[in-house]
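Participant:
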Amino acid sequence: MHRVNPGHGSRGMTLIEVMVALGVMCILVSGIFFVVQTSLKTVIMVDTAASRQDEITNLVDILRNGFRNLPVRTQIVAKPLVQDGTEQIVLVFRDAPGFLSWLSEKEADNLIVLLAFRRDDEGAGWRVCMKRFVPPEHFSENEFDAKKLLALGAKIPWLERVGDFRRVGVRFFDAEKDEWLDAWNNPKERPSLIELKLVSEKVRDARSESSVLWVPPVRSEVASR
Amino acid sequence: MKKTGGYMLLEVVLALSIFIVAVVGLLSCLKAGLDADYEQQRFTNTRLNLQSLLDESLAVAPREGTKEYAPDAFQVSYRREIKLAKVKLEDGKTLNDIFRVSVVALDTQRDKKIIGELWTYASR
Chain A
1 MHRVNPGHGS RGMTLIEVMV ALGVMCILVS GIFFVVQTSL KTVIMVDTAA SRQDEITNLV
61 DILRNGFRNL PVRTQIVAKP LVQDGTEQIV LVFRDAPGFL SWLSEKEADN LIVLLAFRRD
121 DEGAGWRVCM KRFVPPEHFS ENEFDAKKLL ALGAKIPWLE RVGDFRRVGV RFFDAEKDEW
181 LDAWNNPKER PSLIELKLVS EKVRDARSES SVLWVPPVRS EVASR
Chain B
226 MKKTGGYMLL EVVLALSIFI VAVVGLLSCL KAGLDADYEQ QRFTNTRLNL QSLLDESLAV
286 APREGTKEYA PDAFQVSYRR EIKLAKVKLE DGKTLNDIFR VSVVALDTQR DKKIIGELWT
346 YASR
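Which chain is which? The protein sequence lines are A and B, in order.
Take the first sequence: its letter number 174 is residue 174 in our numbering, and every next letter is one higher.
Here our numbering runs 225 ahead of the position in the second sequence, where the first position is 1.
1) Mind checking which residues open and close the alpha helix (DSSP H) that includes residue 265 of chain B?
2) Between residue 82 of chain A and residue 146 of chain A, is the Cβ-Cβ spacing less than 8 Å?
3) Ordered along the chain, which non-local residues of its own chain (more than five positions away) have a Cβ less than 6 Å from that of residue 211 of chain A?
4) Give the secondary structure of residue 339 of chain B by DSSP, where H, G and I count as helix, E and B as strand, and everything else as coil.
5) Does any C-beta atom of chain A lie closer than 8 Å to the C-beta of residue 261 of chain B?
6) Measuring only the C-alpha atoms, how far is residue 291 of chain B from residue 334 of chain B?
7) Three or more beta-carbon pairs under 8 Å between the region 160 to 168 of chain A and the region 120 to 135 of chain A, yes or no?
8) In whole angstroms, what is the alpha-carbon distance linking residue 340 of chain B and residue 24 of chain A?
9) Out of A/44, A/128, A/89, A/131, point me to the one whose CA is closest to residue 171 of chain A's CA.
10) Mind checking whether residue 156 of chain A and residue 188 of chain A have CB atoms under 8 Å apart?
11) Please list, in chain order, the chain B residues whose beta carbon lies closer than 7 Å to that of residue 165 of chain A.
12) Only counting the same chain, and skipping five residues up and downstream in sequence, which positions put a Cβ closer than 7 Å to that of residue 346 of chain B?
13) Does DSSP classify residue 293 of chain B as helix, strand or coil?
14) Chain B beta carbons: is any one of them nearer than 8 Å to that of residue 53 of chain A?
15) Kindly indicate if chain B contains any beta-carbon less than 8 Å away from that of residue 193 of chain A.
16) DSSP state of residue 319 of chain B, grouped into three classes?
17) Any C-beta of chain A sitting closer than 8 Å to the C-beta of residue 244 of chain B?
18) Taking just the CA atoms, how far does residue 169 of chain A sit from residue 71 of chain A?
19) In chain B, what lies closer than 7 Å to residue 213 of chain A by C-beta?
20) Would you please verify whether the beta carbon of residue 57 of chain A is less than 8 Å from any beta carbon of chain B?
21) Alpha carbon to alpha carbon, what distance is there between residue 100 of chain A and residue 154 of chain A?
22) Taking the C-alpha atoms as reference points, what is the distance between residue 256 of chain B and residue 158 of chain A?
23) Count the CB pairs spanning the region 41 to 48 of chain A and the region 248 to 268 of chain B that are closer than 8 Å, and state whether there are at least three.
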C-alpha cells in the first residue's frame, strides 16, 4: 500500500496563508460588489431621472397645447388657497370643452375644468390633478370663484396626472400692467402667460423646471358678456 | 534553492491588470450613465426654455429687435430675434404685418446651437 508522507515533498498551506488569501479575496470581491452595486444604482437612478424628465415634458407639452387651443369663450380664474388642510393652487376654466381631454360631442358648453397643483395630505409632495364637471343650473356668474367651485365639485374625484414634486409655483402675467401675479381674479380677461415652476422630488438632487406658457387672449365679445 | 510554489511576479501583475481593466470598464459605464443623465436634463431644460421664449413672444405685440439672455445653470445662453417678414403673395402684394420670431440656444460647452422659430401677426 502506498503511503503518503505529509512531511516530504507535498507541503500544504499554513493557516496564515489561507487567512491572508481569504482576506485578499474578500477585499477584491467586496470591491467588485461595490462597483457593480453602484453601477446598478446609477442605472436605476438615470432611468428614473429620464422617466421623470419625460413626465415633466409631457405634462408641460399637454398644458402648453391645452392653453394654446383654449376655446375663445373660455374664462379663467386662479388662486392659491388652503382647503380642508390641503395647500393648493387652483386654476378654474369655465366653458372649456375639450380642454386637457378629448372633445366629446356631448360635452356641455358650460363645463368647468379644475386644474390644481395640490400638496399631498401627508405633506409628501405636490401633485398635478384635474377634474371636470357641469355646474348645476342655478350656478350664477357670482359663483365663478375658485374656492366656491372647488366646494361645488368636492364629490368628484381628482384625476392625478403627475406627482412627487417638492415644490410647485404658478404665476400669471398681466400684459396690460406688465407684472406677474400669484392669482388671477379677472374672468373677463386672460393672463397672457402662465409660468410653471416644478421642482422634482424623486431624483438625486432637486431639479427645477421652469416653463412659460402662452394663453391666447379672450375675444372682445366674450370679455363684454 | 527550495521551490515554494508561489506566484510569479508576471502572474500577479497580469491578474491585477485584468482586475483593473474590469473595474475601469465598470466605472466608465457608471460615468457614461451619469453623463447621459446630465445631457438629457440639459437638453430638456434648453427645450423648455426655447419654448418659453417663443411663448413669451406671443404675449405682447411683436417689435423688431434682438434680445440676449444671460447663460442659465447649464451655461447655455439664449438669443431672441424678431424680424419683420415681408411675405410676397402670388399677386405681387406684400404682407407687412407678419413677424418672424427666432430663438437660438447657444451651448458654448458643447459647441451646439439649437434654433426654434415661429411666425406671428402684429395685430392678433
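Where is the CB? At the ideal position from N, CA and C, for every residue including glycine.
Facilitator: Taking the geometry as given:
1) Working through the second sequence from its first residue, we reach residue 265 of chain B at position 40. Here the alpha helix (DSSP H) through residue 265 of chain B covers 234 to 284.
2) Counting from 1 along the first sequence, the entry for residue 82 of chain A is found at position 82. Counting from 1 along the first sequence, the entry for residue 146 of chain A is found at position 146. Taking the C-beta atoms as reference points, residue 146 of chain A is found no nearer than 8 Å to residue 82 of chain A.
3) Residue 211 of chain A sits at position 211 when you count from the first residue of the first sequence. Correct list, in chain order: 60, 196.
4) Position 114 of the second sequence, counted from the start, is the residue given in the question as residue 339 of chain B. Under the three-state reduction of DSSP, residue 339 of chain B is assigned to strand.
5) Counting from 1 along the second sequence, the entry for residue 261 of chain B is found at position 36. By this cut-off, residue 261 of chain B is an interface position.
6) If you number the second sequence from 1, residue 291 of chain B lands on position 66. If you number the second sequence from 1, residue 334 of chain B lands on position 109. Each residue's alpha carbon lies about 23 Å from the other.
7) In short, these stretches touch, since the Cβ pair count reaches three.
8) Your numbering for residue 340 of chain B matches position 115 in the second sequence. Your numbering for residue 24 of chain A matches position 24 in the first sequence. Pairing residue 340 of chain B with residue 24 of chain A, the inter-Cα distance amounts to about 56 Å.
9) Position 171 of the first sequence, counted from the start, is the residue given in the question as residue 171 of chain A. The shortest Cα separation from residue 171 of chain A among A/44, A/128, A/89, A/131 belongs to A/89.
10) Locating residue 156 of chain A in the first sequence gives position 156, where the first residue counts as 1. Locating residue 188 of chain A in the first sequence gives position 188, where the first residue counts as 1. Against a cut-off of 8 Å, the Cβ pair of residue 188 of chain A and residue 156 of chain A comes out as no contact.
11) The residue you call residue 165 of chain A lines up with position 165 of the first sequence. Simply none; closest approach about 15 Å.
12) For the purposes of this step, residue 346 of chain B is taken as residue 121 along the second sequence, with counting starting at 1. Taken in chain order, the residues that qualify are 322, 323.
13) If you number the second sequence from 1, residue 293 of chain B lands on position 68. Three-state DSSP puts residue 293 of chain B in a strand.
14) Mapped onto the first sequence, residue 53 of chain A falls at position 53. The beta-carbon of residue 53 of chain A is placed less than 8 Å from the nearest beta-carbon of chain B.
15) Along the first sequence, read from residue 1 onward, the residue named residue 193 of chain A stands at position 193. Yes, residue 193 of chain A lies at the interface with chain B (some Cβ there is under 8 Å from its Cβ).
16) Residue mapping note: residue 319 of chain B aligns to position 94 of the second sequence, counting from 1. Collapsing the DSSP output to three states places residue 319 of chain B in a strand.
17) For this step, residue 244 of chain B is matched to residue 19 along the second sequence. For residue 244 of chain B, the answer is yes, since a Cβ of chain A falls inside 8 Å of its Cβ.
18) Here the question's residue 71 of chain A lines up with position 71 in the first sequence. Here the question's residue 169 of chain A lines up with position 169 in the first sequence. Roughly 25 Å separates the two Cα atoms.
19) Position 213 of the first sequence, counting from 1, holds the residue named residue 213 of chain A. Per Cβ cutoff of 7 Å: 280.
20) Mapped onto the first sequence, residue 57 of chain A falls at position 57. Answer yes: the Cβ-Cβ gap between residue 57 of chain A and chain B drops below 8 Å somewhere.
21) One-based indexing of the first sequence puts residue 154 of chain A at position 154. One-based indexing of the first sequence puts residue 100 of chain A at position 100. Per the coordinates, the alpha-carbon of residue 154 of chain A lies some 20 Å from the alpha-carbon of residue 100 of chain A.
22) By 1-based counting over the second sequence, the position of residue 256 of chain B is 31. By 1-based counting over the first sequence, the position of residue 158 of chain A is 158. The C-alpha of residue 158 of chain A is placed about 41 Å away from the C-alpha of residue 256 of chain B.
23) A contact exists between the region 41 to 48 of chain A and the region 248 to 268 of chain B.
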